[in-house]
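Number of protein chains: 2
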Amino acid sequence: MPEPAYVKIAGDLTRQIRSGELPPGIQLPSLSEIARRHGVSEIVARKAMELMQAQGLVRSQPRRGNFVAERPNLVRVSPERQMETAEATFHHESDEETQVERHTEEVRATAELAEAFGIALGDRCTRVVTRASEGGRPISISDTYQPLGIVGVDTATECEERLADRLPVPSHAEWLRSTPGDLVKTIHQKFWDAEGHLIMISDISYPMDRYDAFVFRMALKRQNSQGGSE
Amino acid sequence: MPEPAYVKIAGDLTRQIRSGELPPGIQLPSLSEIARRHGVSEIVARKAMELMQAQGLVRSQPRRGNFVAERPNLVRVSPERQMETAEATFHHESDEETQVERHTEEVRATAELAEAFGIALGDRCTRVVTRASEGGRPISISDTYQPLGIVGVDTATECEERLADRLPVPSHAEWLRSTPGDLVKTIHQKFWDAEGHLIMISDISYPMDRYDAFVFRMALKRQNSQGGSE
DNA sequence: AAGTGGTCTAGACCACGTG
DNA sequence: ACGTGGTCTAGACCACTTG
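Residue numbers (the working numbering), protein chains in the order written: chain R, 1 to 230; chain D, 231 to 460.
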């Protein structure tokens with residue numbers, strides 16, 4: 001009936017983080033230290049840390065320690081961010097130095113890409129890999145595809161984002177330096193132009209500790225409706 | 231260097247689920263059975279199960295077993311769902327019998343509610359608690375607040391949803407029968423009318439295994455922009 | 001009575017980062 | 001050399017469900 005020890009420990013630490021007692025970026029006590037303080041075994045302390053990781057409050061660095069997330073209250077807002085470059089977005093979010101690097105290459109449309117864009121299998125597409133880091137820490141990586149000749153989303157009028165928690169693909173895991181078994185926040189984006197043509201798709205991964213929440217703002221098109229929440 | 235045993239086990243099971251070999255709702259082998267089959271200790275099997283739980287593929291019922299999620303590919307789409315009642319939404323999502331129960335009461339505005347709605351502290355508000363279940367399994371619970379006199383979101387033209395993974399509040403945890411330490415998907419909704427007045431806020435919780443992903447469809451308002459992904 | 005998952009203990013080895 | 005987190009073992013007790 002009482003709450004488990006690891007929930008209590010996580011709650012204690014969460015309170016200290018939210019109150020500012022444990023500021024962003026600081027190293028938490030080691031697992032053995034937490035275990036000692038709370039009079040439990042190290043496994044329990046680890047479980048508490050895993051719970052906080054899943055909430056994005058803590059980032060674990062193997063052989064270094066556990067650290068409070070750099071921006072425990074940072075929120076990712078859509079579609080505001082679609083209206084600006086990655087550089088501008090991260091510049092707004094951050095005061096630390098942000099690095100964005102891009103690699104562009106031409107690829108042949110896979111079956112999936114061909115169907116999405118309504119082009120032929122093997123048609124040429126542009127692939128852009130964008131890696132962003134802040135203060136040396138990786139904060140995002142994305143894989144973007146467009147039919148050859150279309151660049152950017154200036155002509156897009158509609159956008160869809162699909163948010164899920166997934167094991168990262170190896171290339172994303174490597175950049176984000178995630179430990180095997182660590183989940184990441186993934187966003188699959190699609191952009192359409194006014195004619196209804198899909199002009200870009202993108203797969204983005206964020207470390208769990210990057211954002212506290214994901215916000216989406218939408219206009220409601222009136223129909224017959226009662227509306228409600230659930 | 232090699233991937234940990236628990237990742238491999240989770241991958242094996244995930245493949246069996248995605249391929250349909252392990253159909254939705256079925257009970258997985260017990261932890262001791264999984265451990266035996268893979269030649270590892272039970273702790274490792276449990277860790278694999280936790281990884282799958284975090285992805286929403288598996289639901290764990292204490293003292294019963296682990297079960298494949300009922301709808302491993304179900305997606306929650308916004309804002310479509312805001313246009314219809316909870317009953318209609320769940321009816322579309324499901325062929326099983328869905329139960330929705332509502333409790334309405336009048337409450338006094340807390341400081342938070344008063345500020346949100348632009349009313350005075352202690353002013354009367356409507357609170358609606360909505361609980362939904364499907365085939366006896368709880369699938370959502372929400373707490374909705376509106377200023378007295380406003381019912382529903384028929385007049386809403388804008389909507390915001392804030393998605394995060396959180397420890398549930400006790401009332402939500404109880405309905406969802408979540409184990410202490412289990413996270414839930416939370417959505418904090420806000421609705422505004424054409425005059426820019428906030429007319430409804432709602433806190434919704436879903437079990438981790440309810441949805442595979444959350445989809446948001448948004449119109450892009452053109453400005454000066456370069457656009458891009460990150 | 002047997003089986004199950006949840007919690008917890010008390011160890012162990014490894015690889016790597018830091019001093 | 002030491003501390004760290006990641007992985008793993010081999011047990012234990014509890015509370016509850018199922019047969």
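Glycine included, each C-beta is placed from N, C-alpha and C at the ideal position. Every value quoted in this text rests on a predicted model; they were computed, and no experiment measured them.
From the beta carbon of D/GLU390, is the nearest beta carbon of chain R less than 7 Å away?
Any Cβ of chain R closer than 7 Å to the Cβ of D/GLU390 would place that residue at the interface, and such an atom is present.
Below-7 Å beta-carbon distance, R/PRO23 vs any chain D residue:
So no, R/PRO23 is outside the interface.
Consult DSSP for R/ARG81 and reduce its assignment to one of helix, strand or coil.
In the structure shown, R/ARG81 sits in a helix (DSSP, three-state: H, G or I).
By the 10 Å Cβ neighbour count, where 16 or more other Cβ atoms means buried, how is D/THR409 classified, buried or exposed?
D/THR409 is exposed by the Cβ-count criterion.
With DSSP run on the structure shown, which of helix, strand or coil describes R/ALA5?
Under the three-state reduction of DSSP output, R/ALA5 falls in the helix class.
Let me know the secondary structure DSSP gives D/ALA339 once reduced to three states.
D/ALA339: coil per DSSP, three-state reduction.
Within its chain, find whatever has a CB closer than 7 Å to the CB of R/ARG81; leave out the 5 residues flanking it on each side and keep chain order.
Closer than 7 Å at Cβ, skipping near neighbours: THR89.
Here's the rule I'm using: 16 or more other beta-carbon atoms within 10 Å means buried, otherwise exposed. How should R/ILE26 be labelled?
With fewer than 16 other Cβ atoms within 10 Å, it is exposed.
Pull up the distance between the alpha-carbon of D/THR328 and that of D/HIS321, whole angstroms please.
Here the alpha carbon of D/THR328 sits roughly 7 Å from the alpha carbon of D/HIS321.
Contact check, R/ALA69 vs R/VAL58 under 8 Å by CB: the rounded distance?
Correct: roughly 6 Å between the Cβ atoms.
Nearest-angstrom Cβ-Cβ length linking D/THR244 and D/MET282, presumed shorter than 8 Å
That belief holds up - the Cβ atoms of D/THR244 and D/MET282 are roughly 7 Å apart, short of 8 Å.
If contact means a Cβ-Cβ distance below 7 Å, which residues of the stretch 275-288 of chain D contact chain R?
Taking 7 Å as the Cβ-Cβ cut-off against chain R, the residues of the stretch 275-288 of chain D that qualify are LEU281, ALA284 and GLN285.
Is the beta carbon of R/ILE187 sitting closer than 7 Å to the one on R/PRO147?
No. Outside cutoff.
Nearest to D/ALA449 by CA position, among R/ALA132, R/LEU183 and R/ALA156, is which residue?
Out of R/ALA132, R/LEU183 and R/ALA156, R/ALA156 has the C-alpha closest to the C-alpha of D/ALA449.
Between D/ASP395 and D/LYS415, how many whole angstroms is the CB-CB distance? I'm expecting something under 8 Å.
Contact between D/ASP395 and D/LYS415 holds: CB atoms are separated by about 6 Å, below the 8 Å threshold.
Suppose you measure from the CA of R/ARG71 to the CA of R/SER78; what does that come to, to the nearest Å?
One alpha carbon belongs to R/ARG71, the other to R/SER78, and they sit about 18 Å apart.
Mind listing the chain D neighbours of R/ALA164? Cutoff is C-beta to C-beta under 7 Å, in chain order.
Taking a Cβ-Cβ cut-off of 7 Å, the neighbours of R/ALA164 in chain D comprise ASP442 and ALA443, given in sequence order.
Please list, in chain order, the chain R residues whose beta carbon lies closer than 9 Å to that of D/LEU413.
By Cβ distance, chain R contributes LEU51, ALA54 and GLN55.
To the nearest whole angstrom, what separates the beta carbons of D/ARG354 and D/GLU335, a pair I think is in contact under 8 Å?
Rounded to whole angstroms, the Cβ separation of D/ARG354 and D/GLU335 is 11 Å, and the two are not in contact under 8 Å.
Buried or exposed: which applies to D/VAL383, given that a residue is buried once 16 or more other Cβ atoms fall within 10 Å of its Cβ?
D/VAL383 is classed as buried because its beta carbon has at least 16 other beta carbons within 10 Å across all chains shown.
Residues bridged to D/HIS418 by DSSP?
Bridge partners of D/HIS418: D/ARG392 and D/ASP433.
Residues of chain R with CB closer than 7 Å to the CB of D/VAL237, please, in chain order.
Per Cβ cutoff of 7 Å: PRO180 and GLY181.
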